[in-house]
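J.: Structure below; questions to follow.
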Amino acid sequence: MSKVPMTVVGADQLRKELEILKFDRRPKITEAIASARELGDLKENAEYHAAREEQGICEARIRDIEGKLSNAQIIDVKTMENTGRVIFGTTVTILNIDTDVEMTYRIVGDDEADIKQNLISVNSPIARGLIGKSEGDEVSITTPGGLTDYEIISVKYI
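Here it is, written out as structure tokens:
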């Protein structure tokens, strides 16, 4: 499987979630299953079936996170020299030339993307259009809303 880019923050968040799942949630689910077994007939025991379903969801998420972390290529832009070029992990301020609206985004991995926090996926149309460009460049990007022209105001390696 190919390596998937991930920021240091994103990897830390996944590790924390994995720790909670393994050392907090998993033991609680095991206890809930044991308690439900003591209630008797398992065929008609709703608590038992609910706990088993929760266990399956928890174990699937643990496997998912472990897989993502094993295939992660963790990139820390803070350790790189700021060349003014847009790369994975950089924080980019762009100006929509048509509407004169300025936006700031950080380019992150797919799992970290959250538009409400201005974190956009490296695979999003805007990020793909910005990658490799430099501060001061004007770019035309095809978005779901159509072709839009942007100017790259600043590129920060933070």
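Take full-length UniProt numbering: the final residue in the sequence shown is number 158, and no numbers are missing along the way. Glycine included, every Cβ here is placed at the ideal spot set by N, Cα and C. Here the structure is a predicted model, which means the values were calculated and not measured.
By the 10 Å Cβ neighbour count, where 16 or more other Cβ atoms means buried, how is V101 classified, buried or exposed?
T.: exposed
J.: Alpha carbon to alpha carbon, what distance is there between G129 and V9?
T.: 24 Å
J.: Return the first residue and the last residue of the beta strand (DSSP E) that E81 is part of.
T.: Unbroken run through E81: none, as it is neither H nor E.
J.: With distance defined between alpha-carbon atoms, name the residue in R61, D12, L21, F23 nearest to I74.
T.: D12
J.: Since G84 contacts E135 with CB under 8 Å, what's their CB separation in whole angstroms?
T.: 4 Å
J.: Taking only three categories from DSSP, how would you classify S140?
T.: Here S140 sits in strand by DSSP.
J.: Once DSSP output is grouped into helix, strand and coil, what is the label at Y48?
T.: Helix at Y48.
J.: Is the stretch 52-65 close to the stretch 27-34, with three or more CB pairs under 8 Å?
T.: yes
J.: To the nearest angstrom, report how far apart I115 and L147 are at their CA atoms.
T.: 20 Å
J.: Using the C-alpha atoms, what's the distance from P5 back to P125?
T.: 17 Å
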